[in-house]
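Student: Here the numbering used here is used: the first residue of the sequence shown is 2, the next is one more, and so on.
Backbone N, C-alpha and C fix where the C-beta goes; we use that ideal spot for every residue, glycine too.
Bear in mind the structure is a predicted one, so any value in this text is a computation, not a measurement.
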Amino acid sequence: GSSRSHAALTLTLATLDEASRDYCQTTFTLVDLAGAERPDKVKADVKGGRTDLAPEFLPSLLHARDAGKLSQQEVEQAIPIGFQTKMINFELFSLCSEVLKASECHRKGRPFKLTPMSTPTIKFLSAILDGRARLAMCVTLSPAGRNAWETWFSLQYGADLAKLHAPRIRQKAVHFDKLRKAVAKEAAELQDAVDGMAESHRYYAQKRHRASHAAEQLRRLDALQSGSCREPESR
């Protein structure tokens, strides 16, 4: 993958107790964070190396991608390299800042909570900040002298993330039937909202993504139930 993009591989393990109807879900997420780059090492690209763009620029690109007018590769090529670097560094610094903030909250005995200004990356990794998940980090370093700044930054970044000490929140089982009913209701409401929304609406892509996620969650719950209710094959 590109060094200017994040990548995440998620493995979800769900269990259903047929007798009690208790449902538990465990998730293992492997995240490859984009690498930080020193801004003055990023040369101006064919678009002038701009780092400032109109607020509607990125949403319009994502809307064109979701509408099938642009591929993901075309979207990435349309974003100036200078702006990509700026956004990646912003995301990385935001994550580190949230880790330090969460550590301070837990040290004082206060729960950590997201804010409306939390970035998508922070929301995706929120479980490590409030104690619902454990964090392990591997730092990749370069022996080349010309990458000394990146090496220093990576070491400092790893040291800051190692300061995270969140209380472990044990997962509680939920009743499967109640969960499925709630997910089915959410999926139907989101799909109705998408159907009644114009594609040009600024939140159309976001709402459609949520509807797709809810429908997939419902499909997985049904697959788990049908699998657990299946009679074992006789040998």
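Taking C-alpha atoms, which residue in Glu187, Arg203, Leu180, Ala174 lies nearest to His214?
Tutor: Reading the sequence shown from its first residue, position 213 is the one you call residue 214. Here the closest residue by C-alpha is Glu187.
Student: Could you tell me whether the segment 131 to 143 touches the segment 196 to 206, using the rule of 3 or more Cβ pairs below 8 Å?
Tutor: The segment 131 to 143 is not in contact with the segment 196 to 206.
Student: Which stretch, first to last residue, makes up the beta strand (DSSP E) that contains Leu14?
Tutor: Working through the sequence shown from its first residue, we reach residue 14 at position 13. Note, Leu14: beta strand (DSSP E), 8 to 17.
Student: Suppose the cutoff is 6 Å on Cβ atoms and the five residues either side in sequence are ignored; what does the same chain contact list for Thr16 look like?
Tutor: Numbered from 1 along the sequence shown, position 15 holds the residue referred to as residue 16. Only Cys25 meet the Cβ criterion.
Student: Return the residue from the list Thr13, Asp18, Thr11 that minimises the CA-CA distance to Ala174.
Tutor: On the sequence shown, position 173 is the one that residue 174 refers to. With distances taken between Cα atoms, Ala174 lies closest to Asp18.
Student: For the structure I just gave you, are there three or more beta carbon pairs, one from the segment 88 to 103 and one from the segment 154 to 165, closer than 8 Å?
Tutor: With the cut-off at 8 Å, the segment 88 to 103 and the segment 154 to 165 touch.
Student: Please report the distance separating the alpha-carbon of Thr116 from that of Ala185.
Tutor: For the purposes of this step, residue 116 is taken as the residue at position 115 of the sequence shown. For the purposes of this step, residue 185 is taken as the residue at position 184 of the sequence shown. Distance between the alpha carbons of Thr116 and Ala185: 27 Å.
Student: Which same chain residues end up closer than 8 Å to Gln218 when comparing Cβ atoms and leaving out the 5 residues on each side of it in sequence?
Tutor: Taking the first residue of the sequence shown as 1, we reach residue 218 at position 217. Taken in chain order, the residues that qualify are Val184, Ala188.
Student: What are the boundary residues of the alpha helix (DSSP H) that Thr122 is part of?
Tutor: Indexing the sequence shown from 1 puts residue 122 at position 121. Start and end: 121 to 125.
Student: What residue range does the beta strand (DSSP E) around Gln172 cover?
Tutor: Taking the sequence shown and counting its residues from 1, one reaches residue 172 at position 171. From DSSP, Gln172 is part of no beta strand (DSSP E); its letter is neither H nor E.
Student: With a threshold of 6 Å on Cβ separation, who are the neighbours of Leu10 within its own chain once the five nearest residues in sequence on each side are excluded?
Tutor: As a position in the sequence shown, residue 10 is number 9, starting the count at 1. So the list reads Leu31, once near-sequence residues are dropped.
Student: So within the segment 90 to 161, which uninterrupted alpha helix (DSSP H) runs reach at least 4 residues, ignoring any that extend past its ends?
Tutor: Runs found: 121 to 125, 127 to 131.
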